[in-house]
Amino acid sequence: MSTEIKVPELPESVADAVIASWYKKVGDVINMDEVLVDLETDKVILEVPAVKQGVVKEILFAVGDTVTAGQLLAVIDESSATESASDSASIKDDSGKAAVAMSPSVRKLIAENSIDETQITGSGKNGRILKQDVEKVLSEKIAEQSHVVESDVSSVRQDVSPVAGINQPVSGERLERRVPMTRLRARIAERMLQSQQQAAILTTFNEVNMKPVMELRSRYKETFEKKFGVRLGFMSLFVQASVEALKRFPEINASIDGNDVVYHGYYDIGVAVSGPNGLVVPIIRDADIQSIADIEQSIIHFANKARENSLSINDITGGTFTISNGGVFGSMLSTPIINPPQSAILG
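Residue numbers for the sequence shown follow my numbering, so the first one is 523 and each next one is one higher.
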């Protein structure tokens, strides 16, 4: 019996996805719920698991191909599951080593710069190689080359006297490197431009006396951490304060849909966190009924998922209001761009 693995339903405003990594090849055994393929969208990387145990019978797309929702990705033969279970525990390359997962853009970056991927230590989930890992190796490579060039130039200057009419080598090359944008970064740029073009954005600055909050945090932070297993930060308090403001001014918790204003009777707060591929905004659902500890735990949970590139579609869609924090970059003031179709953002 054969089981078809198809592209899952993609989030609203996402038209397609790119095959990022295959974790199995034809003939490999795969277990139920084991990840078969990663799909890179404009927002997140989707893990597509096997719905049945079996042997991979057919793979219809290669890494880098573009697919849309509902398209057939692979076929699993359930009847052959026990015949070659010991032969396909993991993907192997020609050298017998386990293949390392990475996105198409990262694989292209490695190829363009002739880097041996075995020299790269992946910092992503399950050792996945991220763009920042490649950039780190590139920086070290450039620094090493610069040092070699400088040493060679110095030795030439010592051994060879200047010749009239011949340009002498110059130490310190003006180096450049070109890095392709990921789909996520390109999508972020597109949506931010869309927000500025389609909405009349007004920024206002207000001062708030945070001394009582800081004293409260200083007094209870150790007790709070012992009781709930998470540190007491300021973001959870900002979330709760925002919810109270949204209750008083429902227009801020609304969005425009065509000629209608949609007033949301729930409070799903987006909290911007930084991941290896850019800024993402996971959503804290029903923040009005969450405790401070619940909110802090949610923020840590989402921050970890963002670093591992494992945020799901549901994690990042459907917010009614967003909180950004430019303070982590040392900013005193900021003018964040509204996340459409929301009406406001706090930053």
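Note that the Cβ used here is the ideal one computed from N, Cα and C, for glycine as well.
Pair within 8 Å by beta-carbon distance, residue i and residue j
i: Val570; j: Leu532; result: no
i: Arg709; j: Asp587; result: no
i: Val589; j: Ile541; result: yes
i: Ala809; j: Tyr785; result: no
i: Ile845; j: Ile791; result: yes
i: Gly841; j: Gly869; result: no
i: Ala828; j: Gly797; result: yes
i: Leu631; j: Val656; result: yes
i: Gly572; j: Leu558; result: Note on residue identity: the sequence assigns Ala, not Gly, to residue 572. Yes, Cβ-Cβ distance for Ala572 and Leu558 is below 8 Å.
i: Ile778; j: Pro863; result: yes
i: Glu744; j: Ser865; result: no
i: Ala623; j: Tyr545; result: yes
i: Val566; j: Ile835; result: yes
i: Met523; j: Glu600; result: yes
i: Val585; j: Ser543; result: yes
i: Val793; j: Ile821; result: yes
i: Lys860; j: Ser717; result: Before going on, a small fix: residue 860 reads as Ile here, not Lys. In contact: Ile860 and Ser717 (Cβ atoms closer than 8 Å).
i: Phe746; j: Leu754; result: yes
i: Gly646; j: Asn826; result: no
i: Lys574; j: Met554; result: yes
Residue i - partner residues in DSSP beta bridges
i: Val551; result: Val577
i: Tyr788; result: In DSSP, Tyr788 forms no bridge with anything.
i: Ser543; result: Asp560
i: Ser777; result: Val784
i: Ala596; result: Ile527 and Ile581
i: Val589; result: Ala539
i: Met624; result: Ile651
i: Leu868; result: Ile845
i: Ile806; result: Ile791
Residue environment, residue i, which counts as buried when at least 16 other CB atoms sit within 10 Å
i: Phe756; result: exposed
i: Asp751; result: The residue you asked about is not Asp; residue 751 is Gly in the sequence shown. Exposed.
i: Arg650; result: buried
i: Phe916; result: Coverage of the chain is limited to positions 523 through 869, which leaves residue 916 absent and any answer about it impossible.
i: Val529; result: buried
i: Leu738; result: exposed
i: Ser612; result: Bear in mind that the predicted position of Ser612 carries a pLDDT of just 46, short of 50, making it unreliable; the figure below should be weighed with that in mind. With fewer than 16 other Cβ atoms within 10 Å, it is exposed.
i: Asp550; result: buried
i: Thr704; result: buried
i: Leu568; result: buried
i: Lys619; result: The pLDDT assigned to Lys619 is 49, lower than 50, so where the model puts this residue is not dependable; a value taken from the coordinates is nonetheless given after this. It counts as exposed.
i: Ile688; result: Model confidence at Ile688 stands at a pLDDT of 49, short of 50, so the residue's coordinates are unreliable; what they give is reported in the following sentence. The residue in question, Ile688, is exposed, as its Cβ has fewer than 16 Cβ neighbours within 10 Å.
i: Gln812; result: buried
i: Ala686; result: Bear in mind that the predicted position of Ala686 carries a pLDDT of just 49, short of 50, making it unreliable; the figure below should be weighed with that in mind. Per the 10 Å Cβ criterion, exposed.
i: Lys653; result: buried
i: Gly780; result: exposed
i: Leu715; result: exposed
i: Ser661; result: exposed
i: Ala537; result: exposed
i: Val850; result: exposed
i: Val795; result: buried
i: Arg886; result: With the chain covering 523 to 869 only, the question about residue 886 has no answer from this structure.
i: Val802; result: buried
i: Ser764; result: buried
i: Leu855; result: exposed
i: Glu818; result: buried
i: Phe727; result: exposed
i: Val678; result: Legend: pLDDT at Val678 = 48, less than 50; position of this residue unreliable, no value from coordinates given.
i: Glu526; result: exposed
i: Arg741; result: exposed
i: Val628; result: buried
i: Val761; result: buried
i: Phe824; result: buried
i: Ala711; result: exposed
Where the alpha helix (DSSP H) through residue i begins and ends
i: Val761; result: Met757 to Arg770
i: Ala825; result: Ile814 to Arg829
i: Phe746; result: Lys733 to Phe750
i: Ile838; result: Ile835 to Ile838
Residue range of the unbroken beta strand (DSSP E) whose run includes residue i
i: Glu526; result: Ser524 to Lys528
i: Ile845; result: Phe843 to Ile845
i: Pro571; result: Ile567 to Pro571
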